Amino acid sequence: MISSEKYNLGTLLIGILYITLVTRLDAACPAGKHRYTNCTNPCLAGEDTVFCESDHTATCRPDYCGGCIARFYNNVGQEVYCEKEYGFVCELKSHTVGCLDQPGKVLHVSFANYGRTSTTVCVLPYGLERLHNTTTCGSPSTLGVIRQMCEGRFQCLLTADNELFGDDPCFGIYKYLEVEVECVSPDPTSTAAQPFASIGTLMTVFILFLKWIN
Numbered sequence: 209m210i211s212s213e214k215y216n217l218g219t220l221l222i223g224i225l226y227i228t229l230v231t232r233l234d235a236a237c238p239a240g241k242h243r244y245t246n247c248t249n250p251c252l253a254g255e256d257t258v259f260c261e262s263d264h265t266a267t268c269r270p271d272y273c274g275g276c277i278a279r280f281y282n283n284v285g286q287e288v289y290c291e292k293e294y295g296f297v298c299e300l301k302s303h304t305v306g307c308l309d310q311p312g313k314v315l316h317v318s319f320a321n322y323g324r325t326s327t328t329v330c331v332l333p334y335g336l337e338r339l340h341n342t343t344t345c346g347s348p349s350t351l352g353v354i355r356q357m358c359e360g361r362f363q364c365l366l367t368a369d370n371e372l373f374g375d376d377p378c379f380g381i382y383k384y385l386e387v388e389v390e391c392v393s394p395d396p397t398s399t400a401a402q403p404f405a406s407i408g409t410l411m412t413v414f415i416l417f418l419k420w421i422n
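Counting in the numbering used here, the sequence shown runs from 209 upward without gaps.
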């Protein structure tokens, strides 16, 4: 019969081992990214190894940081994007939007949704239907989060990430971020537009100074 002291010591050692293991697993992920441990290997579809449709020589590597997804890399270690993204930002990917080609304009966000409303957008190359079979998924916080990040700025980095929007709006579904933005003249009362006002003020002062010294 195991004594209570030995039982408590064993429980303590198991707890320490578990905490150490979890810490080491999380340490392999970037700051703020939880490492998922209850995933099946995303590089396997049944007993078959998945491949990248755009580059059959690319190597698949699982990524469990923030989700359970497959990433593909070419023979020099560069990531290869195999999904058909159609201008959307697929889950755990990033894309920059901006108005740098339109001087004086800033971003206005008219629509944003993180989830899935189509079965044909951002389809993973191994084509498991259950990962794409909903058209009613959306995070209610998307528009507010994206506006806070991008509204009134020259450019903005968009990231499709559960943690960014506070929750997973449809667990087990491969999601994407859909954003509609346009380049508009800045609102002079907004904080983002204040640099324009500051530059205008400095130019006015500079012109008055030139007139004064002449």
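Don't be surprised by glycine CBs; every beta carbon is placed ideally from N, CA and C.
Quick caveat: nothing in here was measured; it's all calculated off a predicted structure.
Nonlocal neighbours in the same chain, by C-beta distance under 7 Å from residue i, ignoring five residues either side
i: residue 362; result: 306, 307, 308 and 314
i: residue 298; result: 291, 330, 368 and 384
i: residue 423; result: It is not possible to answer for residue 423, since the shown part of the chain is limited to 209 through 422.
i: residue 349; result: 373 and 374
i: residue 355; result: 317
i: residue 270; result: 249, 250, 251 and 278
Three-state class that DSSP yields for residue i in the structure shown
i: residue 267; result: strand
i: residue 352; result: helix
i: residue 358; result: helix
i: residue 365; result: strand
i: residue 372; result: helix
i: residue 315; result: strand
i: residue 336; result: coil
i: residue 423; result: The requested residue 423 does not occur in the structure, where the chain is confined to residues 209 to 422.
i: residue 290; result: coil
i: residue 256; result: strand
i: residue 322; result: strand
i: residue 237; result: coil
i: residue 273; result: strand
i: residue 378; result: coil
i: residue 247; result: coil
i: residue 284; result: coil
Anticipated Cβ contact below 8 Å, residue i with residue j, distance rounded
i: residue 244; j: residue 324; result: The pair is not a contact, with the Cβ atoms about 19 Å apart (cut-off 8 Å).
i: residue 268; j: residue 258; result: 6 Å
i: residue 468; j: residue 247; result: As shown, the chain starts at 209 and ends at 422. That puts residue 468 outside it, with no answer to give.
i: residue 300; j: residue 375; result: Actually they are not in contact, since the Cβ atoms of residue 300 and residue 375 sit about 15 Å apart, beyond 8 Å.
The beta strand (DSSP E) enclosing residue i, as first and last residue numbers
i: residue 327; result: Per DSSP, residue 327 belongs to no beta strand (DSSP E) and is neither H nor E.
i: residue 279; result: 277-281
i: residue 303; result: 302-306
i: residue 388; result: 384-392
Chain C contact for residue i (CB, 9 Å cutoff)
i: residue 259; result: Included in the structure is just one protein chain, with no chain C present.
Pick from the options that is closest to residue i, judged by C-alpha positions
i: residue 302; options: 287, 312 and 310; result: 287
i: residue 382; options: 320, 275 and 388; result: 275
i: residue 367; options: 395, 387 and 236; result: 387
i: residue 317; options: 357, 341, 280 and 285; result: 357
i: residue 334; options: 251, 299 and 240; result: 251
i: residue 343; options: 271, 351 and 330; result: 330
i: residue 396; options: 312, 238 and 322; result: 312
i: residue 241; options: 389, 352, 372 and 338; result: 372
i: residue 296; options: 328, 338, 280 and 239; result: 328
Spatial neighbours of residue i in its chain, beta-carbon cut-off 8 Å, leaving aside the 5 residues before and after
i: residue 304; result: 363, 364, 365 and 366
i: residue 347; result: 321, 322, 323, 373, 374, 375 and 377
Sequence-distant residues of the same chain with beta carbon closer than 6 Å to residue i, five excluded per side
i: residue 282; result: 266 and 288
i: residue 260; result: 266, 280, 288, 290 and 333
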